[in-house]
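Enquirer: Letter by letter, the sequence shown follows residues 9 to 143 of our numbering. Note that the Cβ used here is the ideal one computed from N, Cα and C, for glycine as well. Remember, it's a predicted structure, so these values are computed and weren't measured experimentally.
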Amino acid sequence: MPVSLCGNWDMVSNVNFEGYMIALGISLYTRKIALKLKHRKVIEQVGDQYVVKTLSTFRNYTFSFRVNEEFEEFTKGLDLRHCKSLVTWEGNKLVCIQEGEKKNRGWSHWIEDDKLHLELHCEDQVCKQVFKRVI
Ligand code: 1AG
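1. Return the first residue and the last residue of the beta strand (DSSP E) that threonine 83 is part of.
2. Could you spell out where the alpha helix (DSSP H) holding arginine 39 opens and where it closes?
3. Which residues in the same chain as asparagine 76 place their Cβ atom closer than 8 angstroms to its Cβ, once the five residues preceding and following it in sequence are excluded?
4. My assumption, with CB atoms under 8 angstroms, is that histidine 189 sits in contact with threonine 62. Please give the rounded CB distance.
5. Are cysteine 130 and glycine 108 closer than 8 angstroms when you measure CB to CB?
6. Which residue from Gly55, Arg39, Val11 and Glu127 puts its Cα closest to that of isoleucine 105?
7. Could you give the C-beta distance for tyrosine 28 and glutamine 133, rounded to a whole number, given that I count them as a contact under 8 angstroms?
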């Protein structure tokens with residue numbers, strides 16, 4: 009059984025978020041604001057249903073899914089795209105493929121050294137975020 013990702017997590021680093029946002033076609037104006045944000049990740053699990061909230065002073069993004077069950081994702085407040093998304097466990101990594109207009113889009117989450125890691129990718133861009141647990 010993989011370790012639980014549940015809890016409240018605060019961003020400590022965010023590498024190449026700019027490149028990731030450019031790949032998603034986010035405007036310069038929005039990128040300037042978004043780059044300054046510290047995200048809080050809130051991950052909850054009820055039965056086999058996950059709810060993931062990404063919170064910031066600018067925008068919030070919440071979605072939910074069941075592992076191994078494809079779902080329709082609308083990235084409301086982000087790049088406003090529709091994806092067919094699928095989340096699976098690959099070893100200790102929770103991996104999502106977001107199929108849609110953008111090639112090679114997805115993310116993976118895992119725990120390493122008590123930190124929550126998130127790798128976001130789109131086209132040829134990879135953004136790496138690390139979060140520490142909120143006590
Ligand atoms: C996600 O998390 C997205 C979480 O699926 C947000 C991360 C990046 C934002 C995505 C695209 C940038 C678009 C617009 C920028 C505008 C505002 C930025 C606001 C950021 C806070 C919401 C994956 C994973 C799910 O955590 O478990």
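Expert: In terms of the structure at hand:
1. As a first step, residue 83 must be located in the sequence shown, where it is residue number 75. Threonine 83: not part of any beta strand (DSSP E); DSSP gives it neither H nor E.
2. Locating residue 39 in the sequence shown gives position 31, where the first residue counts as 1. In the DSSP assignment, arginine 39 falls within the unbroken alpha helix (DSSP H) covering 36–43.
3. Within the sequence shown, residue 76 is the residue found at index 68, counting from 1. Around asparagine 76: Leu94, Val95 and Thr96.
4. Outside the displayed range of the chain (9 to 143) lies residue 189, so it cannot be described from this structure.
5. In the sequence shown, counting from the first residue as 1, residue 130 sits at position 122. In the sequence shown, counting from the first residue as 1, residue 108 sits at position 100. Cβ atoms of cysteine 130 and glycine 108: not closer than 8 angstroms.
6. Residue 105 sits at position 97 when you count from the first residue of the sequence shown. When only C-alpha atoms are compared, the closest one is Glu127.
7. Here residue 28 refers to the residue found at position 20 when the sequence shown is read from its first residue. Here residue 133 refers to the residue found at position 125 when the sequence shown is read from its first residue. Glutamine 133 and tyrosine 28 do touch by the CB rule: their CB atoms are close to 5 angstroms apart, below 8 angstroms.
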